[in-house]
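**Student:** Dropping a structure here in structure tokens format, bear with me for questions.
Number of protein chains: 2
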Amino acid sequence: MHSKSLWAVLLAGGSGTRFWPASRRALPKQFLPIGGTRSLLATTAARLRGLVPWERTLVVTAREQVALVRKHLRKLPPDQILAEPAARNTAAAVAWAATEIERRDPGSVHAVLPSDHTIAPAADFRKALRAAAEEAEASGALLTFGIRPTFAATGYGWIEVGSPTSERRGESVSSVVRFVEKPDRPRAEAFLAGGRHLWNSGMFVWRTDAILRALREHAPALAEAFANARDASALDRVYAGLPSVSIDVAVLERSKDVRVIPARFRWNDVGSWSALAEVLDADGDGNLAAGGVQVLAEEAQGCTAWGRKGELTVLFGVRDLVVVRAGKATLVCPRERSQELKTIVDRLAKDGPSFL
Amino acid sequence: MHSKSLWAVLLAGGSGTRFWPASRRALPKQFLPIGGTRSLLATTAARLRGLVPWERTLVVTAREQVALVRKHLRKLPPDQILAEPAARNTAAAVAWAATEIERRDPGSVHAVLPSDHTIAPAADFRKALRAAAEEAEASGALLTFGIRPTFAATGYGWIEVGSPTSERRGESVSSVVRFVEKPDRPRAEAFLAGGRHLWNSGMFVWRTDAILRALREHAPALAEAFANARDASALDRVYAGLPSVSIDVAVLERSKDVRVIPARFRWNDVGSWSALAEVLDADGDGNLAAGGVQVLAEEAQGCTAWGRKGELTVLFGVRDLVVVRAGKATLVCPRERSQELKTIVDRLAKDGPSFL
Numbered sequence: 020m021h022s023k024s025l026w027a028v029l030l031a032g033g034s035g036t037r038f039w040p041a042s043r044r045a046l047p048k049q050f051l052p053i054g055g056t057r058s059l060l061a062t063t064a065a066r067l068r069g070l071v072p073w074e075r076t077l078v079v080t081a082r083e084q085v086a087l088v089r090k091h092l093r094k095l096p097p098d099q100i101l102a103e104p105a106a107r108n109t110a111a112a113v114a115w116a117a118t119e120i121e122r123r124d125p126g127s128v129h130a131v132l133p134s135d136h137t138i139a140p141a142a143d144f145r146k147a148l149r150a151a152a153e154e155a156e157a158s159g160a161l162l163t164f165g166i167r168p169t170f171a172a173t174g175y176g177w178i179e180v181g182s183p184t185s186e187r188r189g190e191s192v193s194s195v196v197r198f199v200e201k202p203d204r205p206r207a208e209a210f211l212a213g214g215r216h217l218w219n220s221g222m223f224v225w226r227t228d229a230i231l232r233a234l235r236e237h238a239p240a241l242a243e244a245f246a247n248a249r250d251a252s253a254l255d256r257v258y259a260g261l262p263s264v265s266i267d268v269a270v271l272e273r274s275k276d277v278r279v280i281p282a283r284f285r286w287n288d289v290g291s292w293s294a295l296a297e298v299l300d301a302d303g304d305g306n307l308a309a310g311g312v313q314v315l316a317e318e319a320q321g322c323t324a325w326g327r328k329g330e331l332t333v334l335f336g337v338r339d340l341v342v343v344r345a346g347k348a349t350l351v352c353p354r355e356r357s358q359e360l361k362t363i364v365d366r367l368a369k370d371g372p373s374f375l
Numbered sequence: 020m021h022s023k024s025l026w027a028v029l030l031a032g033g034s035g036t037r038f039w040p041a042s043r044r045a046l047p048k049q050f051l052p053i054g055g056t057r058s059l060l061a062t063t064a065a066r067l068r069g070l071v072p073w074e075r076t077l078v079v080t081a082r083e084q085v086a087l088v089r090k091h092l093r094k095l096p097p098d099q100i101l102a103e104p105a106a107r108n109t110a111a112a113v114a115w116a117a118t119e120i121e122r123r124d125p126g127s128v129h130a131v132l133p134s135d136h137t138i139a140p141a142a143d144f145r146k147a148l149r150a151a152a153e154e155a156e157a158s159g160a161l162l163t164f165g166i167r168p169t170f171a172a173t174g175y176g177w178i179e180v181g182s183p184t185s186e187r188r189g190e191s192v193s194s195v196v197r198f199v200e201k202p203d204r205p206r207a208e209a210f211l212a213g214g215r216h217l218w219n220s221g222m223f224v225w226r227t228d229a230i231l232r233a234l235r236e237h238a239p240a241l242a243e244a245f246a247n248a249r250d251a252s253a254l255d256r257v258y259a260g261l262p263s264v265s266i267d268v269a270v271l272e273r274s275k276d277v278r279v280i281p282a283r284f285r286w287n288d289v290g291s292w293s294a295l296a297e298v299l300d301a302d303g304d305g306n307l308a309a310g311g312v313q314v315l316a317e318e319a320q321g322c323t324a325w326g327r328k329g330e331l332t333v334l335f336g337v338r339d340l341v342v343v344r345a346g347k348a349t350l351v352c353p354r355e356r357s358q359e360l361k362t363i364v365d366r367l368a369k370d371g372p373s374f375l
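If you read the protein sequences in the order shown, they are chains A and B.
Per our numbering, the first sequence runs over residues 20 to 375.
Per our numbering, the second sequence runs over residues 20 to 375.
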């Protein structure tokens with residue numbers, strides 16, 4: 020077992036609209052009960068129980084989402100929330116969280132975890148996290164979890180896996196040769212076929228001093244930014260000057276010692292309504308009810324319905340549709356087009372901004 | 020112009036679920052803003068303005084719908100509402116209304132009008148109603164309006180038209196040879212092809228003494244039933260003993276002198292969600308918004324959406340669907356299957372009675 024204390028940083032500042040109308044500007048995906056009865060954020064936090072206590076859990080979120088975070092994580096001490104005044108992608112969030120952790124608990128190890136993915140079984144995840152923490156502590160390397168690809172995804176980052184470096188708690192650790200962000204289709208297909216590539220899960224584990232050193236080396240502005248930013252107006256000034264860049268691009272792609280543990284747990288970033296069918300159980304006809312809604316399906320197949328508890332959606336004689344009811348909005352579209360909601364959201368910005 | 024005063028009896032006791040979930044047990048179709056911004060009932064009453072004053076308008080409804088009738092017809096004097104303690108089809112309603120009218124204004128003419136149909140233009144309807152009233156007054160015959168058939172309907176009653184009897188205000192009046200209720204398909208097709216048949220609109224005009232005489236002859240129990248039923252408990256007893264039968268079957272099919280005026284106005288009984296497309300204007304892609312909902316259609320065609328004002332329905336990449344949102348229920352089905360809602364309503368009686 021590792022000797023340094025393990026912290027977790029939950030990234031909860033996302034603001035996408037890929038689950039519109041359930042996710043809205045004021046209620047992003049991580050606050051939705053996707054995957055069960057609790058929000059993705061609450062489930063992400065619960066997954067750490069027994070391994071990382073609340074006092075070592077930080078949540079980075081948008082300033083306007085602090086109340087939501089507190090509502091969904093009632094046991095989180097309020098000063099564990101880092102409220103960003105502006106969205107600056109993951110590098111800023113990681114830099115701020117690392118600075119904070121080093122200040123509060125020098126010499127620790129920490130994990131950086133998106134709060135809007137589904138992962139199961141939780142015990143397998145904790146086991147992998149323990150292994151990564153031990154590897155990070157012992158080696159000083161930056162650890163990432165890689166996901167075995169199931170299709171030639173052009174929207175993900177891919178990791179080229181190098182030679183094995185060690186084995187920890189039954190998890191094999193390998194070096195990372197390189198990161199490839201959103202390859203074109205031929206490359207993605209070659210990666211899938213070649214067997215040497217994994218998807219980048221966006222989950223990282225490292226010693227706090229290691230990521231701070233890497234930031235100083237590859238993104239010195241970020242490394243320095245939070246040293247003296249203790250109040251809201253200082254943070255406003257800091258964020259106004261920060262670049263919007265991912266930690267992958269700012270640091271990981273440029274670092275020499277990055278290692279990867281292939282995930283044995285199931286992982287899904289639930290990127291659209293159609294992905295719900297990958298993480299939830301459907302009935303015998305492939306119809307899915309999520310969010311608490313009651314569904315009555317008659318001669319219906321392959322549909323996904325979302326709504327609140329106490330609501331009813333009747334699917335009669337239809338197939339492969341997404342039917343979402345949230346607030347005063349209702350969405351009906353074919354499942355296979357639910358990735359294209361940006362078209363709708365863009366039109367609403369003009370024709371119905373109150374529904375966004 | 021006729022000399023007797025003209026009354027109107029609006030039949031507003033219907034309780035169907037063909038517009039579920041917008042129409043429910045507690046909110047039948049006649050109270051919905053189908054066809055515009057006002058309810059069908061309010062529109063039916065408004066159509067009579069200038070011809071029949073509120074003081075000569077009676078509304079027959081179910082006892083539990085009295086408050087709704089008053090809400091939708093604020094100018095109707097409360098004692099013009101006849102509240103039935105039980106549903107007994109149209110013969111009982113007609114008999115009660117005729118008895119009341121004769122008591123209040125002996126020697127009048129009255130029209131019996133369903134309150135859940137669409138009719139336009141209203142001026143054409145009033146002209147036909149005037150013609151029918153004159154013919155009824157002069158002849159003592161029972162008048163009905165016939166609708167030119169547009170398809171071989173097996174769910175309607177048909178009227179075989181006989182020889183012309185007269186012309187009133189440019190409307191031709193003919194004798195009725197016989198009524199045929201819900202013919203089978205070969206007969207309906209023959210009726211359609213033959214050109215001698217019209218649909219029975221369920222709208223009638225007659226002298227009050229003429230319908231009372233016909234009731235005494237063909238349905239004596241109905242004719243006598245309301246003579247002394249002046250309070251609620253007396254009505255309870257009366258209705259408990261009445262047969263449930265239509266005025267068509269109880270009287271018209273058995274009467275010798277029934278006459279018909281072919282309607283020049285447009286008529287639609289709006290029997291299902293798909294019929295909305297026949298009475299409301301769609302956009303260039305055939306998408307229809309009704310009930311007040313805002314619709315955003317993107318690569319969508321031939322859809323009908325229903326919802327309240329302030330709500331939004333997004334139709335994205337779908338076609339020929341009915342999407343209804345009302346209360347806590349949402350319905351999605353192909354337009355051409357919206358006539359089969361009884362299947363759903365029957366299932367809900369077991370699986371979700373609170374949504375009926």
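Glycine residues also receive a C-beta, built at the ideal position from the N, C-alpha and C atoms.
Helix or strand or just coil, what does DSSP make of B:Ser24?
**Tutor:** coil
**Student:** Determine, for A:Lys347, whether the minimum Cβ-Cβ distance to residues of chain B falls below 8 Å.
**Tutor:** yes
**Student:** Would you report the Cα separation of A:Arg283 and A:Pro133, rounded to the nearest angstrom?
**Tutor:** 18 Å
**Student:** Considering B:Glu103, what are the terminal residues of the beta strand (DSSP E) in which it resides?
**Tutor:** 100-103
**Student:** Can you give me, in chain order, the residues of the region 282-313 of chain A that have a beta carbon less than 8 Å from any beta carbon in chain B?
**Tutor:** Gln313
**Student:** Select from the region 40-70 of chain B all residues with a C-beta closer than 9 Å to any C-beta belonging to chain A, and list them in chain order.
**Tutor:** Cβ contacts with chain A come from Pro40.
**Student:** Is there a C-beta anywhere in chain B that falls below 8 Å from the one on A:Asp370?
**Tutor:** yes
**Student:** One question on the structure: do B:Leu70 and B:Arg145 come within less than 8 Å of each other, judged by their Cβ atoms?
**Tutor:** In contact: B:Leu70 and B:Arg145 (Cβ atoms closer than 8 Å).
**Student:** Note down, in chain order, every chain A residue with its Cβ under 7 Å from the Cβ of B:Leu334.
**Tutor:** Val351
**Student:** Can you list, in chain order, the residues of its chain with a C-beta nearer than 8 Å to that of B:Glu121? Leave out the 5 residues immediately preceding and following it.
**Tutor:** Ser127, Thr227, Asp228, Leu231
**Student:** List the residues of chain B whose Cβ lies closer than 7 Å to the Cβ of A:Thr362, in chain order.
**Tutor:** Under the 7 Å cutoff, chain B gives Glu317.
**Student:** How big is the Cα-Cα spacing for A:Ile53 and B:Val342?
**Tutor:** Note on geometry: alpha-carbon atoms of A:Ile53 and B:Val342 lie some 24 Å from one another.
**Student:** I want to verify the contact list: residues of chain B whose CB lies under 9 Å from the CB of A:Leu367, in sequence order.
**Tutor:** The answer, in chain order, is Leu315, Leu331, Val333.
**Student:** Measuring only the C-alpha atoms, how far is B:Ala152 from B:Leu67?
**Tutor:** 13 Å
**Student:** By the criterion of Cβ-Cβ separation under 8 Å, what are the contact partners of B:Phe374 in chain A?
**Tutor:** Leu331
**Student:** Helix, strand or coil for B:Val268, going by three-state DSSP, please let me know.
**Tutor:** helix
**Student:** For the region 313-321 of chain A against the region 359-366 of chain B, are there 3 or more C-beta pairs whose distance is under 8 Å?
**Tutor:** yes
**Student:** Please state whether the Cβ-Cβ distance between A:Val257 and A:Thr163 is less than 8 Å.
**Tutor:** no
**Student:** If we call anything under 8 Å between Cβ atoms a contact, is B:Leu307 one with B:Ala294?
**Tutor:** no
**Student:** Hey, is B:Leu261's beta-carbon within less than 8 Å of any beta-carbon in chain A?
**Tutor:** no
**Student:** What does B:Arg344 touch in chain A if you count any residue whose Cβ is under 7 Å from its own?
**Tutor:** Arg344, Thr349
**Student:** Counting only C-beta atoms, is B:Ser24 closer than 8 Å to chain A at any point?
**Tutor:** no
**Student:** Which residues in chain E sit within 9 Å of B:Gly326, going by Cβ to Cβ distance?
**Tutor:** No chain E appears in this structure, whose protein chains are A and B.
**Student:** Tell me, which residues are paired with A:Ser191 by DSSP?
**Tutor:** DSSP, once it has assigned bridges, lists A:Glu186 as partnering A:Ser191.
**Student:** Quick check on B:Arg356 - is its C-beta less than 8 Å from some C-beta in chain A?
**Tutor:** yes
**Student:** Per the DSSP calculation, A:Leu77 is bridged to which residue(s)?
**Tutor:** A:Val28
**Student:** Under 8 Å between the Cβ atoms of A:Ser34 and A:Ala106?
**Tutor:** yes
**Student:** Are the beta-carbon atoms belonging to B:Arg197 and B:Pro281 less than 8 Å from one another?
**Tutor:** Contact flag unset, no.
**Student:** Let me make sure I understand the geometry here. Which of B:Phe210, B:Arg285, B:Thr184, B:Leu234 has the alpha-carbon closest to that of B:Ser220?
**Tutor:** Among B:Phe210, B:Arg285, B:Thr184, B:Leu234, the Cα nearest to that of B:Ser220 is on B:Arg285.
**Student:** Run through the DSSP bridge pairs and tell me what B:His380 is partnered with.
**Tutor:** Missing from the structure shown is residue 380 of chain B; chain B here goes from 20 to 375 and no further.
**Student:** Residues of chain B with CB closer than 8 Å to the CB of A:Val376, please, in chain order.
**Tutor:** The displayed coordinates of chain A run from 20 to 375. Any statement about residue 376 of chain A would go beyond what the structure contains.
**Student:** Within 10 Å of its beta-carbon, does B:Lys48 have 16 or more other beta-carbons around it, so buried, or fewer, so exposed?
**Tutor:** buried
**Student:** Beta-carbon separation of B:Val333 and B:Cys322 under 8 Å?
**Tutor:** no
**Student:** Assuming the contact rule is C-beta atoms closer than 8 Å, A:Val224 and A:Ala130 should be a hit. Round their C-beta distance to whole Å, please.
**Tutor:** Beta-carbon to beta-carbon, A:Val224 and A:Ala130 are separated by about 5 Å, close enough to satisfy the 8 Å threshold.
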